[in-house]
Each structure stands twice: as C-alpha cells, then as structure tokens.
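Asker:
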Amino acid sequence: MAGTFLNLSDDDQEEALEPKIGAGLKRKKKSSHPRADAEAVAAAGRKNGFNRSTDTVQSSPAPRRGRPPLNEDMTYWRIYVSSDLRNQLNELRDKEGRRLNDVLADMLTAYQNEKAI
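In this text, residue positions in the sequence shown follow full-length UniProt numbering: the first is 1, and each later residue adds one.
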C-alpha cells in the first residue's frame, strides 16, 4: 500500500508497481491513412463545376449585371412557373446579360403598352 494517503510506513520510498495514469497513450500506435489522390479529387471537382486552379478565369460570353445597385428596394418573391417558361426566361437573361428582374420589368412595360393601345 505504498503511496496511499496517510501511510506512515517507510516503504513509500520505493516506486509504485502500478503504471502511471496515461502511460498507455504514449505506446499507442497511430494508424496511417492513405492520402487522397489529388488528380481524382480535381477531376471530381471539374465534373461538378469546381476548379482548384489559380489561373485567370475566362469571363462568360454574356456577363450579367449582378446584384442590384445599393439603395434599390428589392424583395424576395417565390413563384411557381413551368420549367419551360423558366428555361426560356433564363436563356433570355443569359443571352442579353441582364438580371431576371430587368427582363420581367421590360416584359411588364411591353404588356402595359400593348394593353394601352
């Protein structure tokens, strides 16, 4: 019982036979993991439209105007449209390089002008 609390015997000078707490962690072998194939990861990324290269990116043929100007009041509006109409609107947007908001505003103006005649 060497090393116990309030042990008054003289044999506490000897080393305890019990191992120290955590000593087993030092001897534990770490398992090695194979490294990922960088080429396979890059190929999978390119397949999904992600490129890890740091080369300059070519701009799209019809760049869009992007976000609305500061101070322009915009609201999120969720609507359901047919997939054919959505594809046509997106094609028109991409061809002219305009925001969908601007395309819809021009369509509304044209519709109102047609009704006024």
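Note that the Cβ used here is the ideal one computed from N, Cα and C, for glycine as well.
Compute the Euclidean distance between the alpha carbons of Asp-37 and Arg-98, then round it to the nearest angstrom.
Answerer: 40 Å
Asker: Can you tell me the Cβ-Cβ gap for Arg-93 and Val-103, rounded? I've got them flagged as a contact below 8 Å.
Answerer: 5 Å
Asker: To the nearest angstrom, how far is it from the Cα of Gly-49 to the Cα of Asp-84?
Answerer: 24 Å
Asker: For the alpha helix (DSSP H) that contains Ala-36, what are its first and last residues?
Answerer: Where Ala-36 is concerned, there is no enclosing alpha helix (DSSP H), given that its DSSP letter is neither H nor E.
Asker: Just tell me which of Lys-115, Asn-71, Gln-112, Arg-86 has its CA closest to the CA of Leu-100.
Answerer: Arg-86
Asker: In angstroms, rounded to a whole number, what distance separates the CA positions of Glu-96 and Asn-113?
Answerer: Here the C-alpha atom of Glu-96 lies approximately 22 Å from the C-alpha atom of Asn-113.
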